[in-house]
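Engineer: This structure is in structure tokens; I'll ask about it shortly.
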Amino acid sequence: MSIKLKYLHWVDTHVDDLTNKKIIVTGCNSGIGFYVAGYLAYKNATVIMACRDLNKAKKAKNELLQQFPHATIHLLQLNLASNESIQNFVSHIIKEYHQIDILIHNAGVYHLKKSWTKEQFETVMATNYLGTYLLNERILPYIKERIVFTTSIAHRWGKINYDDFFSIKKYRHIRVYANSKLALSKYFTYLSLQCPLKIVAAHPGICSTNLLDPQRGGVSKAFARCGNAFLQLFMHSAQKGALSTLIAATDPSLQSGELIGPRGIFHISGYPKKQKLSKKAWMGQQELMNYTKKLFDLKS
1 MSIKLKYLHW VDTHVDDLTN KKIIVTGCNS GIGFYVAGYL AYKNATVIMA CRDLNKAKKA
61 KNELLQQFPH ATIHLLQLNL ASNESIQNFV SHIIKEYHQI DILIHNAGVY HLKKSWTKEQ
121 FETVMATNYL GTYLLNERIL PYIKERIVFT TSIAHRWGKI NYDDFFSIKK YRHIRVYANS
181 KLALSKYFTY LSLQCPLKIV AAHPGICSTN LLDPQRGGVS KAFARCGNAF LQLFMHSAQK
241 GALSTLIAAT DPSLQSGELI GPRGIFHISG YPKKQKLSKK AWMGQQELMN YTKKLFDLKS
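In the UniProt record's numbering, the protein residues as written are 1 to 300.
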């Protein structure tokens, strides 16, 4: 999974040196996050790879070090579907690093079958939104500069139903994923208005990643092969998609509330440019925050 030279040349043109910057990237043992971590390591940042599966993360780290022997890369376990894992991660960050310059929320899942976390949250919503929310709230005092949220164009098709927040009555995997990304987008816009840090969002377009991974549960090997083959034929690579997240994390000209995504047709592929989130991402944030806080109060 070596990064192509043409993208490294592009990065050299658009990203300053990141020496002495400590940057967390969640969910980065493959796909978009892997290449984001690679670009950051290439530009001399200290990269903290926060991953659920440490065996896969070690393999990813070794691949990056083969291409960038000078890189400083650390591994920490983080499962966003576990409140205990989130607390352990934050405690370790505080103890070992004291402060982090940039936090990149990249981790996300897509399941075809309904499943539940230990806290009895539906897994997709728990990982893509609730876990990200909890991590962010707990680590926020220790972030110095910027937080990046990885959203998706799928948020446009989401709908927050507080009477069935976890889709217990009617589970449709596509809608559940879209709902989780809409919730995350609302949290991003809320935070961008309330937080003194720079809060930026990125969406990678539609990339040929292993989001459809049978090992994550709910996706058959045949479905994963067909789905990922389709993505590879018609969409852009994860290497290019990761550039949007990289720019969201490093461009000094960006302001809170701004979104970076592909410039191509329908914004599903191409090099990064500024874009706008849908109006629904800017509506009803306070209601979602109140509901989310109540959820965690009930579970505590």
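Backbone N, C-alpha and C define an ideal beta-carbon position, used for all residues, glycine too.
So, does the stretch 195-207 touch the stretch 171-178, judging by three or more C-beta pairs under 8 Å?
Structural biologist: no
Engineer: Taking the alpha helix (DSSP H) that H9 belongs to, which residues open and close that run?
Structural biologist: 5-14
Engineer: Which residue comes first and which comes last in the alpha helix (DSSP H) that contains L40?
Structural biologist: Counting along the chain, the alpha helix (DSSP H) containing L40 begins and ends at 31-42.
Engineer: When the distance is taken between beta carbons, is W157 closer than 9 Å to A178?
Structural biologist: yes
Engineer: Closer than 7 Å by C-beta to D101: which residues in its own chain qualify, once you throw out the five before and the five after it? Chain order, please.
Structural biologist: Closer than 7 Å at the Cβ level, and outside the excluded window around D101, lie K21, K22, I23, K144, E145.
Engineer: Note down the Cα distance separating I93 from L140, rounded to an integer number of angstroms.
Structural biologist: Going from the Cα of I93 to the Cα of L140 covers about 12 Å.
Engineer: Could you work out which residue in S91, S180, N44 is closest to P69 when comparing CA atoms only?
Structural biologist: N44
Engineer: For I168, which of helix, strand or coil comes out of DSSP?
Structural biologist: coil
Engineer: Might you give, ordered along the chain, the residues of its own chain that have their beta carbon closer than 7 Å to the beta carbon of Q239, omitting 5 neighbours on each side?
Structural biologist: I3, K4, Y7, Y35
Engineer: Please specify which runs of the alpha helix (DSSP H), each continuous and at least 4 residues long, are wholly inside the stretch 122-206, giving them in chain order.
Structural biologist: 132-139, 173-194
Engineer: Please classify E122: is it buried, with 16 or more other beta-carbons within 10 angstroms of its beta-carbon, or exposed?
Structural biologist: buried
Engineer: Please classify K276 as buried or exposed, where buried requires at least 16 other C-beta atoms within 10 Å of its C-beta.
Structural biologist: exposed
Engineer: Our contact map puts N106 next to G27 with C-beta atoms below 8 Å; I'd like the distance itself, whole angstroms only.
Structural biologist: 5 Å
Engineer: According to the neighbour-count rule (16 or more other Cβ atoms, all chains shown, within 10 Å of its Cβ), is N290 buried or exposed?
Structural biologist: exposed
Engineer: Which residues bound the alpha helix (DSSP H) around G284?
Structural biologist: G284 -> no alpha helix (DSSP H), and no H or E assigned at all.
Engineer: Under 8 Å by Cβ, that's how I've got L259 and K280 pegged, so tell me the actual separation to the nearest angstrom.
Structural biologist: Between K280 and L259 the Cβ distance is about 14 Å, and since that is not below 8 Å, they are no contact.
Engineer: Where does K169 land, buried or exposed, given buried means 16+ other C-beta within 10 angstroms?
Structural biologist: Burial call: exposed.
Engineer: Alpha carbon to alpha carbon, what distance is there between N161 and L246?
Structural biologist: 33 Å
Engineer: Residue range of the alpha helix (DSSP H) that residue 365 falls in?
Structural biologist: Because the chain here runs from 1 to 300, residue 365 falls outside it and cannot be looked at.
Engineer: Which whole-angstrom value describes the C-beta separation of V15 and T250, a residue pair presumed to lie in contact below a C-beta threshold of 8 Å?
Structural biologist: 5 Å
Engineer: With burial defined as no fewer than 16 other Cβ atoms inside 10 Å of the residue's Cβ, what is the status of T19: buried or exposed?
Structural biologist: exposed
Engineer: From the DSSP output, which residues share a beta bridge with G261?
Structural biologist: K273
Engineer: Compute every distance between the C-beta of L103 and the non-hydrogen atoms of the ligand COA, then say whether any falls below 8 Å.
Structural biologist: Looking for the ligand COA in the displayed structure turns up nothing, as the structure carries no ligands at all.
Engineer: With DSSP as the reference, label K294 as helix, strand or coil.
Structural biologist: Helix.
Engineer: In angstroms, rounded to a whole number, what distance separates the CA positions of G31 and G284?
Structural biologist: In this structure, the straight-line span from the alpha carbon of G31 to that of G284 is close to 31 Å.
Engineer: Determine the DSSP secondary structure at K118, reduced to helix, strand or coil.
Structural biologist: coil
Engineer: Looking only at DSSP bridge pairs, what is A50 linked to?
Structural biologist: T26, L76
Engineer: Leaving aside the five residues before and after L54 along the sequence, list all residues of the same chain whose C-beta is less than 7 Å from its C-beta, in chain order.
Structural biologist: L75, Q77
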